[in-house]
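First up is the structure itself, then whatever we jot down about it.
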Amino acid sequence: MSQPADHGIEAFRDVPRTGVIYVMTEAARHGYRGGDPAWTNLGQGQPETGPLEGAPARIHQIGVEDEDFEYAPVPGLTELREAVAAMYNRRYRRGMKSQYTAENVAISSGGRAALTRAAAALGSINLGHFLPDYTAYEELLSVFRLFSPIPILLDPFRGYDFSLRELEREISGRGLGALLLSNPCNPTGKLIAGDEMAGWVAVARRLGSALLLDEFYSHYIWNEDALAGQPAGSAAAFVEDVDRDPVLIFDGLTKNWRYPGWRVAWTVGPKSVIEKLTSAGSFLDGGGSRPLQRAALPLLEEDHVQAETRALRRTFRRKRDMLLRRLAKLGVHIDREPEGTFYVWGDVRNLPEPLNSGTKLFRAALSKQVICVPGQFFDVDPGSRRRNHTGRFDHHVRFSFGPAEDTLTAGLDRLEALIAEVG
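If you read the sequence shown in the working numbering, its first letter stands for residue 22, the second for the next number, and so on.
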């Protein structure tokens with residue numbers, strides 16, 4: 022008998038790619054190569070990483086000391102953990118009695134590693150997650166079997182709003198032990214901040230349901246307070262007791278400091294939870310890179326954080342406004358203008374056929390050397406449990422303004438030409 026064409030080994034299951042990885046794999050089949058100036062990656066999940074006007078100089082060299090040849094501690098270097106705690110206290114907790122310490126921080130090799138540690142440490146609970154949300158949550162929520170993922174559907178016609186009353190009803194009615202969400206939300210750009218976030222933390226505190234908050238885009242906030250130079254938004258400002266309130270915050274250098282290749286991230290939360298995440302990290306990933314953790318220290322100094330944040334807000338706000346204007350001109354409907362992130366979540370159903378679905382536009386755009394991400398990937402369905410899945414976001418696309426402005430303009434020009442050709 023002939024061998025199967027894929028030479029599959031039965032011991033291993035098929036592991037699906039996350040939405041962005043699938044998109045990039047398909048683009049590569051059409052000739053895309055990283056750094057190719059002929060292509061525009063509007064599916065880009067990272068910010069431009071080069072110099073920005075007014076931003077601190079980028080770090081191009083990293084020193085390696087003798088001890089860096091050894092493993093780093095699983096929870097991270099003590100000096101970096103202290104620096105992260107100090108940054109949160111300085112920016113969000115001035116005058117508060119309860120302050121974060123190094124014991125409230127765990128360092129990991131990237132955001133996915135941080136989230137994986139948390140998922141591995143969860144017990145037999147119902148874990149609420151929102152739709153749409155970050156594509157990588159889908160497989161993360163499928164792999165670990167102790168907890169049960171519970172989807173919470175947000176309505177595009179309400180601008181993806183979700184009231185405190187609804188939050189309390191979901192937690193109490195479904196018995197949710199925890200909720201996982203990105204804030205600002207990837208892909209919609211919806212932001213929970215100020216009094217609203219204070220309410221979320223208060224509900225979690227009162228009902229004993231943990232908030233797992235992915236804050237990797239928390240410096241990309243487009244409201245007037247942020248643009249006036251106020252600190253970036255974080256739930257850390259509303260925690261009363263850092264060791265008792267059930268609030269876990271994930272962030273790192275990837276987006277807010279524009280160093281995605283360094284894979285340095287952190288989790289901030291109660292000491293008892295950090296200990297559990299560290300135990301999970303000891304068998305999942307073994308800890309992060311020593312020299313990169315040490316190199317991250319100056320990036321957390323207040324002058325650096327302020328200058329970088331001001332510069333990225335100025336540059337990315339300009340790109341955001343241009344992308345919104347150009348997409349509207351093309352006929353893309355925006356359910357809600359993004360209040361955060363560097364994405365625009367657009368409904369393309371009014372584009373001429375055959376460009377009026379996320380998948381069709383994605384396929385056609387590849388012929389113009391433009392990449393975007395179909396909305397279906399953000400309709401997170403762990404383990405394909407929703408049998409009556411209706412494809413709620415098949416007409417949506419996530420457009421990124423992560424690329425540099427000239428690259429973004431070139432990609433939009435090509436999309437405009439594509440739509441004109443079929444229109």
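Where is the CB? At the ideal position from N, CA and C, for every residue including glycine.
In the same chain as Pro94, and ignoring 5 residues on each side of it, the C-beta atoms closer than 7 Å to its own belong to Gly308, in chain order. In terms of Cβ geometry, Lys118 and Pro359 do not form a close pair [threshold 9 Å]. Residue pairing from DSSP places Pro395 in a beta bridge opposite Val418.
In the three-state scheme derived from DSSP, where H, G and I count as helix and E and B as strand, Val36 is classed as coil. For Gly149, the enclosing beta strand (DSSP E) stretches over residues Asn147 to Leu152. In this structure, the CA atom of Gly396 is about 15 Å from the CA atom of Leu372.
Shown here for Glu191: same chain residues with a beta carbon closer than 7 Å to its own, the five before and five after excluded, namely Gly149, Ile173 and Leu197 in chain order. The stretch 318-328 and the stretch 119-137 do not touch, with fewer than 3 CB-CB distances between them shorter than 8 Å. Collapsing the DSSP output to three states places Gly379 in a helix. Using a Cβ distance threshold of 9 Å, Leu161 and Ser193 do not count as a contacting pair. Contact annotation: the stretch 336-350 touches the stretch 414-428, with at least three C-beta pairs closer than 8 Å. Proximity to Ala286 across Lys297, Leu318, Glu296 and Asp266 peaks at Leu318, based on C-alpha coordinates.
For Lys276, the closest alpha carbon among the candidates Glu159, Glu124, Gly71 and Ser388 is that of Gly71. Assignment of beta-bridge partners to Pro170 by DSSP yields Leu148. Residue pairing from DSSP places Trp287 in a beta bridge opposite Ile128 and Asp272. Relative to the Cα of Val401, the nearest Cα in the group Asp154, Arg195 and Gly290 belongs to Asp154. For Gly432, the number of other beta carbons within 10 angstroms of its own is at least 16, and it is reported as buried. For Trp221, the uninterrupted alpha helix (DSSP H) segment begins and ends at Gly215 to Leu228. Distance from the CA atom of Met343 to the CA atom of Pro208, rounded to whole angstroms, is 18 Å.
Around the beta carbon of Asp368, a 10 Å sphere encloses 16 or more other beta carbons of the protein chains shown; the residue is thus reported as buried. Between Ala76 and Ala328 a beta carbon distance of about 6 Å is seen, short of the 8 Å cut, so the two are scored as contacting. Annotated three-state conformation of Ile30 is coil, per DSSP. Secondary structure of Asp342 (DSSP, three-state): helix. Inter-residue distance for Trp243 and Tyr109 is about 21 Å (C-alpha atoms, whole angstroms). Taking Gly254 as the centre and dropping the five residues before and after it, the same chain places the C-beta of Ala214, Ser239 and Ile242 closer than 6 Å to its C-beta, in chain order. When DSSP states are grouped into helix, strand and coil, Thr209 belongs to the coil group.
Contact between the stretch 255-274 and the stretch 217-227 is present, with at least three C-beta pairs closer than 8 Å. Counted as a single uninterrupted DSSP element, the alpha helix (DSSP H) harbouring Ala431 occupies residues Glu426 to Val443. Following the DSSP letters along the chain, one finds Gly302 in no beta strand (DSSP E) but inside the alpha helix (DSSP H) bounded by residues Lys292 to Leu305. In the three-state scheme derived from DSSP, where H, G and I count as helix and E and B as strand, His354 is classed as strand.
In the displayed model, Asp324 falls within a helix according to three-state DSSP. One alpha carbon belongs to Gln314, the other to Ala199, and they sit about 30 Å apart. In chain order, Cys393 and Pro395 place their CB closer than 6 Å to the CB of Phe383, counting only its own chain and leaving out the 5 sequence neighbours on each side. Looking at the backbone, the Cα of Arg338 and that of Arg34 are separated by about 43 Å. According to the DSSP assignment, Ser163 belongs to the alpha helix (DSSP H) that extends over Tyr158 to Val164. Contact between Gly302 and Ile270 is ruled out by a C-beta separation of about 17 Å, above the 8 Å threshold.
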